[in-house]
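> Structure provided below as structure tokens; questions to follow.
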């Protein structure tokens, strides 16, 4: 190749690289940075002037102050409870001789993929003070004077959130325990230490970083969680930050005062999230927790002896009570002719499911909206994620750390913050008005799930050795040809994983959609929630059942695809 040709190719490659870099920056700035910055700007600036007094005034208002306190109470209770439950079950399935551990582990992961607000609906049907099936059974058939438990309470909200959030700790601790060198435990056992002494003094301290990391994720999620508190708390006057933002904006039709309150509360969530992520980073980078040895090993199982049968029964009872029971109730209520009737064959049918799928315009539109929005967001974010990940992983440019930060920012920012940010950015003030259209939800989904795409695609690109691209360029291929013929085929599994990582969560998404929907742009999550709030319990349960089927089928396909790729 002549010197002139090489120079031309280098200029072309440089031009392509600059285009990729520019597009990556533009996507993240427009979709992510601008909405978040607008929230901070609107919270602290009024009429062009910095105004901290207004922020303090908003936070000091009784309703907003109580919402902050409620968020702390709920997140603290959920974090403590989920950490205990997740750590206990992780220890059981990884380090003991508990029977059927593979089945147990799979079942404990089920809540991770189920929408917690649907679980909250199920427990509302079971334990609402007067109409709940369990409370009615105890009062009607066993002669109790009142309900045995009121699900519309702090305890009810916390217990339901524990049921669906403990997998955050369970997954982290399982991974740490499976990789842990067992020689310290074996030495303690030889020295005469008992099971509980070994666990308390050796095992738990060694996996403490993983426990704390999972706990902080739960705290972050619970602080920003909308669904459970909306279903179980609002009826009894219990608001957290996201539900108060939703109520203020929807009741006042987006007035300045409501937006002002929303941005202040959203800023509190952003600051809290930033602190939690900083704290998590500090914990994970502490160097004295080294639990993986340099040789391969299989951790020794601890013998439960007399506790084996009771703990096995306890695990089965927990699975039956927290996973099977609420799921079955959702499907049964969805089949009732009228809510409140007993579950008999005469009162059950598939008519509600048929009506929702084929006749009811609201639910048909909601399913269509969720599928199309999820598919569109997954495709756009998948390709945008590949492009941005390529800049971060493969290109030697200054400032790419900023790209990575912007890309991961929505993962750490609560969904209600993303929703409020896109309202501020795309409601006409800056020349583009997407409010009350399906496009504003799509933009929010892209921002919300960009981090998922970056993680999957970055992992795939890390496995593509630079020598392959260098060889293609030596052979005369342009940068476009190298990307098309080498890079994209090799990272295709990562792209497909990114697609499903975005598509499935978007099907069950509620926190972002509830802030942005209009009467014609309801999603599945919004339709389930609004039908339930409007008293259409049977219809909301039927739609929730259909959503659960879609989610489980989708997750099964992902697991099979992942297993096949791993086998290859």
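Numbering (the numbering used here), first residue to last: 178 to 745. Ideal placement from N, C-alpha and C gives every residue a C-beta, glycine not left out.
Could you tell me the alpha carbon to alpha carbon distance between residue 669 and residue 581, rounded to whole angstroms?
Distance between the alpha carbons of residue 669 and residue 581: 21 angstroms.
> According to DSSP, simplified to helix, strand and coil, what is residue 528?
Residue state, collapsed to three classes: helix.
> Considering only residues of the same chain and omitting the five flanking positions on each side of residue 252, which have a CB-CB separation below 6 angstroms?
Excluding residues within five positions, the ones whose Cβ falls inside 6 angstroms are 396, 399 and 400.
> Measure the alpha-carbon distance for residue 569 versus residue 556 and round it to whole angstroms.
If you take the alpha carbons of residue 569 and residue 556, they lie about 20 angstroms apart.
> On a Cα-Cα basis, can you pick out the residue from 478, 228, 653 and 292 that is closest to residue 722?
When each option's Cα is compared against that of residue 722, the closest is 292.
> If you compare alpha carbons, which of 339, 578 and 290 is closest to residue 300?
The shortest C-alpha separation from residue 300 is found at 339.
> With H, G and I counted as helix, E and B as strand and the rest as coil, what does DSSP make of residue 467?
Confidence at residue 467 is low in this model, with a pLDDT of 49, below 50, so its placement is unreliable and the value that follows should be read with caution. Note: residue 467 maps to coil in three-state DSSP.
> Taking the alpha-carbon of residue 708 as reference, which of 702, 700, 701 and 717 has the nearest alpha-carbon?
Comparing Cα positions, the closest option is 717.
> Grab me the residues of residue 387's own chain with a C-beta within less than 6 angstroms of its C-beta, minus the 5 sequence neighbours each way, in chain order.
Answer for residue 387: 349, 350 and 353, listed in chain order.
> Can you tell me which of 635, 560, 391 and 673 puts its alpha carbon nearest to the alpha carbon of residue 623?
Looking at the Cα atoms, 560 is the closest of the given residues.
> Does the beta-carbon distance from residue 294 to residue 211 come in below 8 angstroms?
No; because the gap between Cβ atoms is not below 8 angstroms, this pair is not in contact.
> I need the boundaries of the alpha helix (DSSP H) containing residue 278, first residue and last residue.
Per DSSP, residue 278 belongs to the alpha helix (DSSP H) from 278–290.
> Alpha carbons only, please: which of 667, 700 and 428 is nearest the one belonging to residue 682?
Comparing Cα positions, the closest option is 700.
> What three-state label does DSSP hand residue 604 in the structure shown?
In the structure shown, residue 604 sits in a strand (DSSP, three-state: E or B).
> Counting only runs that start and end within the stretch 403–453, where is the alpha helix (DSSP H) found for 4 or more residues in a row?
Qualifying alpha helix (DSSP H) stretches, in chain order: 404–409 and 418–428.
> How many whole angstroms separate the CB atoms of residue 597 and residue 692, which I take to be in contact at a CB cut-off of 8 angstroms?
So it is a contact: roughly 7 angstroms between Cβ atoms.
> Taking the straight line between their C-alpha atoms, what separation do you get for residue 380 and residue 364?
If you take the alpha carbons of residue 380 and residue 364, they lie about 12 angstroms apart.
> Pairs of beta-carbons, one from the stretch 633–645 and one from the stretch 519–529, closer than 8 angstroms: are there three or more?
Touching, no.
> If you draw a straight line from the C-alpha of residue 653 to the C-alpha of residue 536, how long is it?
Residue 653 and residue 536: Cα-Cα distance of roughly 59 angstroms.
> Given residue 645, which residues of its chain have a CB within under 6 angstroms of its CB, disregarding the five upstream and five downstream residues?
663, listed in sequence order.
> Kindly list the residues whose CB is nearer than 7 angstroms to the CB of residue 287, restricted to its own chain and excluding five residues on each side of it in sequence; keep chain order.
Closer than 7 angstroms at the Cβ level, and outside the excluded window around residue 287, lie 500.
> Within 10 Å of its beta-carbon, does residue 416 have 16 or more other beta-carbons around it, so buried, or fewer, so exposed?
Residue 416 should be labelled buried.
> If we require 4 or more residues per run, which alpha helix (DSSP H) segments fall completely within the stretch 482–524?
485–496 and 502–511, all fully within the stretch 482–524.
> With DSSP collapsed to three states, give me the class of residue 273.
Of the three classes helix, strand and coil, the one that applies to residue 273 here is strand, per DSSP.
> If distances are taken between C-alpha atoms only, which option among 394, 671 and 603 comes closest to residue 451?
Looking at the Cα atoms, 394 is the closest of the given residues.
> If you draw a straight line from the alpha carbon of residue 728 to that of residue 685, how long is it in whole angstroms?
Their backbone Cα atoms lie some 8 angstroms apart in a straight line.
> Should the stretch 232–248 be regarded as contacting the stretch 435–452, the criterion being three or more beta carbon pairs within less than 8 angstroms?
Touching, per the Cβ criterion.
> What's the gap between the Cα of residue 245 and the Cα of residue 422?
Looking at the two C-alpha atoms, the distance is approximately 11 angstroms.
> I'd like to check one pair, residue 698 with residue 419: are the Cβ atoms closer than 8 angstroms?
No, Cβ-Cβ distance for residue 419 and residue 698 is not below 8 angstroms.
> Quick one, are the C-beta atoms of residue 679 and residue 629 less than 8 angstroms apart?
Yes, the pair counts as a contact, with Cβ atoms nearer than the cut-off.
> If you follow the alpha helix (DSSP H) that residue 360 is in, where does it begin and where does it stop?
Residues 360–367.
> Could you tell me which of 574, 695 and 617 sits nearest to residue 197, measuring between CA atoms?
Of 574, 695 and 617, the residue nearest in Cα terms is 574.
> Under 8 angstroms by Cβ, that's how I've got residue 260 and residue 384 pegged, so tell me the actual separation to the nearest angstrom.
With a Cβ gap of about 12 angstroms, residue 260 and residue 384 do not count as contacting.
> So, at 6 angstroms on beta carbons, what are the nonlocal neighbours of residue 620 in its own chain, with the 5 sequence-adjacent residues on each side left out?
Here the set comprises 599.
> Answer with yes or no whether the minimum CB distance from residue 564 to chain B is below 8 angstroms.
Of the protein chains in the structure, only one exists, and it is not chain B.
> Just list the residues that DSSP pairs residue 610 with in beta bridges.
For residue 610, which the question treats as bridged, DSSP gives the partners 604.
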